[in-house]
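Residues 0 to 150 (numbering that gives the first Met the number 0) make up the sequence shown, in order.
Ideal Cβ placement from N, Cα and C applies to all residues, glycine included.
These numbers come from a predicted model, not from an experiment.
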Amino acid sequence: MELRINQKTYQVEADADTPLLWVIRDDLGLTGTKYGCGLAQCGACSVLVDGNVVRACVTPVAGVVGREVTTIEAIEDDAVGKRVVEAWVEHQVAQCGYCQSGQVMAATALLKHTAKPSAEQIDAAMVNLCRCGTYNAIHAALHDLAEGGKA
Numbered sequence: 000m001e002l003r004i005n006q007k008t009y010q011v012e013a014d015a016d017t018p019l020l021w022v023i024r025d026d027l028g029l030t031g032t033k034y035g036c037g038l039a040q041c042g043a044c045s046v047l048v049d050g051n052v053v054r055a056c057v058t059p060v061a062g063v064v065g066r067e068v069t070t071i072e073a074i075e076d077d078a079v080g081k082r083v084v085e086a087w088v089e090h091q092v093a094q095c096g097y098c099q100s101g102q103v104m105a106a107t108a109l110l111k112h113t114a115k116p117s118a119e120q121i122d123a124a125m126v127n128l129c130r131c132g133t134y135n136a137i138h139a140a141l142h143d144l145a146e147g148g149k150a
């Protein structure tokens, strides 16, 4: 099947119900998207599909045929994604970093849909889990972005 990932076209051979995560990581070698829980609960596997955040661990690969998938490897090619990464660095969000690709994807999707989200909208969108507890830094970075901070 033909997939469009990070603005490149790939021909992959996979069963239609294979999770997108395994195709991204194992077949295409794009390892920035992480496996966390396998149940769409933690968000470590978050990618953008047509600009919307989805959990790649439970998304069948056949469901993204004909759609644009963006992984963390290409997020800085997007102006909003680049601003999110800059804010993450400025606010020193990452500790271990394992969940951060998914966090960045969720933040980018939020800001692409709502340029100046309220605190409530940030809380509703940022539901990915972080074992290091960087939630305060994540929220500080997003509030800075929402308020037009330098990031």
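{"Asked": "Quick check: what's the CA-CA separation for Ala105 versus Met125?", "Found": "6 Å"}
{"Asked": "What are the boundary residues of the alpha helix (DSSP H) that includes Val57?", "Found": "That residue, Val57, is in no alpha helix (DSSP H); it is neither H nor E in DSSP."}
{"Asked": "Please classify Arg82: does DSSP put it in a helix, a strand, or coil?", "Found": "helix"}
{"Asked": "With distances taken from CA atoms, which of Gln6, Gln40, Gln91 is nearest Asn127?", "Found": "Gln40"}
{"Asked": "For Ala73, I'd like the list of residues in its chain whose CB is within less than 6 Å of its CB, leaving aside the five on either flank, ordered along the chain.", "Found": "Asn5"}
{"Asked": "Along the beta strand (DSSP E) that carries Ser45, what are the first and last residues, could you check?", "Found": "45-48"}
{"Asked": "Please classify Val68 as buried or exposed, where buried requires at least 16 neighbouring CB atoms within 10 angstroms.", "Found": "buried"}
{"Asked": "So, are the CB atoms of Arg24 and Thr17 less than 8 Å apart?", "Found": "no"}
{"Asked": "Provide the residue span of the beta strand (DSSP E) that contains Leu9, from first to last.", "Found": "Here the sequence assigns Tyr to residue 9, which means Leu is not the residue at that position. Residues 7-10."}
{"Asked": "Which residue's Cα is closest to the Cα of Ala139: Ala118, Cys131, Tyr97?", "Found": "Ala118"}
{"Asked": "From Cys129, Cys131, Glu1, pick the residue whose C-alpha is nearest to that of Val63; which is it?", "Found": "Glu1"}
{"Asked": "Could you work out which residue in Leu110, Val46, Cys56, Lys81 is closest to Ala123 when comparing CA atoms only?", "Found": "Leu110"}
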